[in-house]
Amino acid sequence: MTMIARRIVLRLDPTRSPDGSLPHAMRLAKAFHAELAARMIADTRLAGGLAFAAPGVERQLRRAEANLRRELTGLAKRESAICTFEVVHCAGILARECTMDAGDIVAIELPRMEVSRTELREEIAATLGHARGIVLLPATERTLIGPVVVVVEHRMHSSPLIEQAEAIARALNAPLKIVERDGDVERQEAGDIATAIRRLSAILAVVDAKDPIVDAFIARPRFLREMATPLLLLKPA
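The numbering used here applies: residue 50 is where the sequence shown begins, and numbers increase by one.
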């Protein structure tokens, strides 16, 4: 059996409910026979910027930690899965303080509202400097029963990515659908790809992390939200 990931490292924001991200991350971890390593972000910028309110911030973080631990413990028991939980103190970018390696895939939940494009790019770049890939999770869960979709510019020149996507599809017990784009990553095509993935009810969309369409999606985060499908950015094999 091909090893797809050693761990799914799930970035948890203490200000948001994990209802959307946890089921997606657990599904990937179980399919890949990987550990689900949940990491709650304790943002040091918040504590530093609100020093006068530090006791209140600390209480909120402790409450969030207790709730997330309880949620994860319950889910791990129900799913008979291997899970770990840690609190990571950092300035927002998990990869700068959390040890990662080439066998990890990092899962990040996209917020429901507009995200900081600069911060999202920094997070992705920092993560890909260490991990195998990064999966951007929709903030809300919807029923996904379709294929794994791999997005490529030229099918004949994308064999390594397609082979990786085939292994992922087998692990998820889903068919593989190849979507070829025309090389134009302007707004119209990026929107068309996002719409196609949503209409397929794809359980996962896979794209080369260096594909220019990734930047097109990040430049317009609403496409990521409209896609409503986990998007896996994989480094070349």
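Every residue, glycine too, gets a C-beta built ideally from N, C-alpha and C.
Residue i classed as buried or exposed, judged by whether at least 16 other C-beta atoms fall within 10 angstroms
| i | result |
| --- | --- |
| P209 | exposed |
| G178 | exposed |
| S129 | exposed |
| P196 | buried |
| D150 | exposed |
| T176 | buried |
| G123 | exposed |
| G152 | exposed |
| R76 | buried |
| Q237 | exposed |
| L253 | buried |
| R111 | exposed |
| R60 | buried |
| E172 | buried |
| A144 | buried |
| A174 | exposed |
| R42 | What is shown of the chain runs 50 to 286, which leaves residue 42 out entirely. |
Helix, strand or coil at residue i according to DSSP, with G and I counted as helix
| i | result |
| --- | --- |
| L193 | coil |
| K226 | strand |
| E84 | strand |
| A27 | Not covered by the structure: residue 27. The range shown for the chain is 50 to 286. |
| R55 | coil |
| I252 | coil |
| L280 | strand |
| R65 | coil |
| R60 | strand |
| A258 | coil |
| V263 | helix |
| R219 | helix |
| V234 | coil |
| F101 | Reliability of the predicted coordinates at F101 is poor, the pLDDT of 48 falling under 50, and the value obtained from them is presented with this limitation in mind. Reduced to three states, the DSSP call for F101 is helix. |
| R274 | helix |
| S70 | helix |
| R269 | coil |
| P337 | Any property of residue 337 remains undetermined from this structure, which presents the chain solely from 50 to 286. |
Own chain partners of residue i with C-beta closer than 7 Å, once the 5 adjacent residues on each side are dropped
| i | result |
| --- | --- |
| R220 | The amino acid occupying residue 220 in the given sequence is Ala; Arg does not appear at that position. These residues qualify, in order along the chain: I53, A80, F81. |
| E135 | R88 |
| A268 | R166 |
| A239 | I262, A265, F266, R269, F272 |
| P224 | P196, A218 |
| R118 | F134 |
| A37 | Summary: the structure shown does not reach residue 37, with the chain confined to residues 50 through 286, and so no result is reported for it. |
| L169 | I267 |
| A258 | L177, G182, L282, L283, K284 |
| A214 | V197, V199, L225, V255 |
Residue(s) in a DSSP beta bridge with residue i
| i | result |
| --- | --- |
| V201 | E229 |
| I90 | V137 |
Cβ shell of residue i (< 6 Å), same chain only, five flanking positions each side left out
| i | result |
| --- | --- |
| F101 | Because the pLDDT of F101 is 48, which lies under 50, any placement of that residue in the model is unreliable, and the question is left without a value. |
| M276 | A243, I246, R247 |
| T133 | A86 |
| G141 | D92 |
Residues near residue i by beta carbon distance below 8 Å, same chain, minus five either side
| i | result |
| --- | --- |
| L186 | G69, S70, H73, A74, A156, I157, E158, L159, P279 |
| T64 | A113 |
| A251 | L193, G195, P196, V197, V198, K226, T278 |
| R181 | A54, A151, G152, D153, I154, L283, K284 |
| L249 | G195, P196, V198, K226 |
| R94 | A140, G141 |
Please give me, in chain order, every unbroken run of the alpha helix (DSSP H) with length at least 4 that falls completely inside the stretch 144-191.
166-177
Start-end ranges of the beta strand (DSSP E) lying completely within the stretch 111-144, minimum 3 residues:
132-139
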